[in-house]
Structures are given as structure tokens and as C-alpha cells.
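Q: Sharing a structure with you now.
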Amino acid sequence: MKKAILFFIFMLSPLSIFAQESMVHIIPPPNPSAAYCEELGYKITIKKTPEGELGICNFSDTEQAPAWSFLRGEEAQEHSYCAKVGYEMKLIDDPAKCGATYKPGHGCLACILEDGSEVEAGNLLKIEKARRLTNPCNNDGKCLTPETPQNCPQDCTVAKQEIPKDNAKNIVLAIMAISGIIVIILTSYYFLRKKENNDI
């Protein structure tokens, strides 16, 4: 009986470690300037300076700007969300419109919509992203998540749907973890049986 209990404790210990690894960790909210940069498809890097860490938004190997300056529209407006989607843009100094990106004396970059209203570029990106999530079909001929044959038949056929690389990597890691656990269980069972046969 003791051997069986020890066997189950031994078998469950890797699972408890795996469970601890997969537990939800509290993640701080993302830096709005870094999120804006990455959402537009650019790469964010961190540069150490005497004043502390500085987020840099890299548009290419040769073009970059400080992430907060980019979000506020102080630099690289040609790479902004407004420019990407074809809106007119201007710098505004209105805390109500700028929201979290507002810094007195700096203002923010606003996209000018067809009706003449001004919306801070980062907020407009979030609004339009949310709209795409409710209607994910963008008619680009590619079937990428969250598009499915049900919500976007013009882009998706069953054969066309692609699995994003991150999801594929997670699936491979899960299969490897499960395979490892099975190997540990079978090996432990083999040695336990061998030991019991030697004790007889």
C-alpha cells in the first residue's frame, strides 16, 4: 500500500509543477506607447539611458523613434495609424481628447475623421480594432484568426485557414509536455514493477 501511495505522489509531482507553471500570473497593463507601436506592426526595443529605460519603436532597420514621442505624434507621423489608414492628422493639446497619452505642453496626435471630428490615434486604433473583432472579415483573400469559414466565407474555405505561428508553437509545446509526462509515468511504472518482482 505504501508503494502505491508513493507511486501516485511521485507521478503527481510533475503535474503539480506543470500546473504551477501554467497558473495565471498577474500581468501589468501594457505601456500604451509600446502597445501602439506593436499593434501597428513595428518592433519595440528598450534602450538603457542615464535617466532610465526608454522604449524605442523601430519602423525598419534604419528608422526609429522614442515610443512615447511616436504615440504623441511628435516624431515619425508618416508611420502613425492615421497615415496607415489614410486619415488627415494634426497635433492637438486637449486633455479630454488625448486621454492617457496627454502630457501638458506635448498634446497628442489626432486623426481627423470624415465628419471632421478629431480622435487620438491610439484610441482610434483601439476602436477600429474592436470593430474588426466583431466583424473580423477584411476581404484580403487570406483566412487568418479570428476569421473562420462561418464568419468570413469570402476569405475562408476549410483548406485555406491558417494556424497562426504562436498557436502552432503552443500546440507543439503542449504535445511535448504531455509526451514527457507519459514517458515519466511509464518509466516509473516499469521500475516499480521491476522492484516488486525483485522483492518477491
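Heads up, the sequence shown is in the working numbering, so the first residue is 1 and it goes up one at a time. Where a beta carbon is used, it is the ideal one built from N, C-alpha and C, also for glycine. None of the values given here were measured: they were computed from a predicted structure.
Out of curiosity, what's the CA-to-CA distance linking Gly141 and Val85?
A: Your numbering for residue 141 matches position 141 in the sequence shown. Your numbering for residue 85 matches position 85 in the sequence shown. About 19 angstroms.
Q: Going by the DSSP bridge assignment, what does Gly73 pair with across the sheet?
A: Here residue 73 refers to the residue found at position 73 when the sequence shown is read from its first residue. Its beta-bridge partners do not exist; DSSP assigns none.
Q: Under 8 angstroms between the Cβ atoms of Tyr87 and Pro95?
A: Here residue 87 refers to the residue found at position 87 of the sequence shown. Here residue 95 refers to the residue found at position 95 of the sequence shown. Taking 8 angstroms as the Cβ cut-off, Tyr87 and Pro95 do not qualify as a contacting pair.
Q: Quick check: the Cα distance between Ser60 and Ala34, rounded to an integer number of angstroms?
A: Position 60 of the sequence shown, counted from the first residue, corresponds to residue 60. Position 34 of the sequence shown, counted from the first residue, corresponds to residue 34. Cα to Cα, Ser60 sits roughly 16 angstroms from Ala34.
Q: Go through its chain and collect everything with a Cβ distance to Lys47's Cβ below 6 angstroms, but skip five positions before and after it.
A: Here residue 47 refers to the residue found at position 47 when the sequence shown is read from its first residue. Excluding positions up to five away in sequence, the list reads Leu54 and Ile56.
Q: Between Cys152, Lys195 and Glu120, which has its C-alpha nearest Pro32's C-alpha?
A: Numbered from 1 along the sequence shown, position 32 holds the residue referred to as residue 32. Nearest of Cys152, Lys195 and Glu120 to Pro32, Cα basis: Glu120.
Q: Decide if Leu124 is buried, meaning its Cβ has at least 16 other Cβ atoms within 10 Å, or exposed.
A: Sequence index remark: in the sequence shown, residue 124 carries index 124 (1-based). Leu124 comes out buried.
Q: To which residues of the same chain is Val183 closer than 8 angstroms at the C-beta, ignoring the five residues directly before and after it?
A: Within the sequence shown, numbered from 1, the residue matching residue 183 stands at position 183. The answer is none, since no qualifying residue turns up.
Q: Would you mind sorting Phe262 into buried or exposed? The rule is 16 or more other CB atoms within 10 Å of its CB.
A: Outside the shown range of the chain, which is 1 to 200, sits residue 262, and nothing can be said about it.
Q: Check whether the Cβ atoms of His106 and Glu78 sit closer than 8 angstroms, and answer yes or no.
A: Your numbering for residue 106 matches position 106 in the sequence shown. Your numbering for residue 78 matches position 78 in the sequence shown. Contact flag unset, no.
Q: Look at the alpha carbon of Ser117 and the alpha carbon of Ile44, and state the distance between them as a whole number of angstroms.
A: Here residue 117 is taken as the residue at index 117 of the sequence shown, counted from 1. Here residue 44 is taken as the residue at index 44 of the sequence shown, counted from 1. Roughly 30 angstroms separates the two Cα atoms.
Q: Tell me, which residues are paired with Glu196 by DSSP?
A: To locate residue 196, count along the sequence shown from 1; it is residue 196. In DSSP, Glu196 forms no bridge with anything.
Q: So what's Phe191 in DSSP terms, helix, strand or just coil?
A: In the sequence shown, residue 191 corresponds to position 191, counting from 1. DSSP places Phe191 in helix when its eight states are reduced to three.
Q: Apart from the five residues just before and just after Asn58, which ones in its own chain have a Cβ nearer than 7 angstroms to its Cβ?
A: Here the question's residue 58 lines up with position 58 in the sequence shown. Taken in chain order, the residues that qualify are Tyr42, Lys43, Thr45 and Gln64.
Q: If you drop the 5 nearest sequence neighbours on each side, which residues of the same chain put their C-beta closer than 6 angstroms to that of Trp68?
A: Position 68 of the sequence shown, counted from the first residue, corresponds to residue 68. Here the set comprises Ser33.
Q: With distances taken from CA atoms, which of Gly99, Ala100 and Leu91 is nearest Ile112?
A: Translated into positions along the sequence shown, residue 112 becomes position 112. When each option's Cα is compared against that of Ile112, the closest is Leu91.
Q: By how many angstroms is the C-alpha of Gly52 removed from the C-alpha of Gly99?
A: For this step, residue 99 is matched to residue 99 along the sequence shown. For this step, residue 52 is matched to residue 52 along the sequence shown. Taking the straight line joining both Cα atoms gives about 24 angstroms.
Q: Over the uninterrupted beta strand (DSSP E) stretch that includes Lys43, give me the two end residues.
A: For the purposes of this step, residue 43 is taken as the residue at position 43 of the sequence shown. Counting along the chain, the beta strand (DSSP E) containing Lys43 begins and ends at Lys43 to Thr49.
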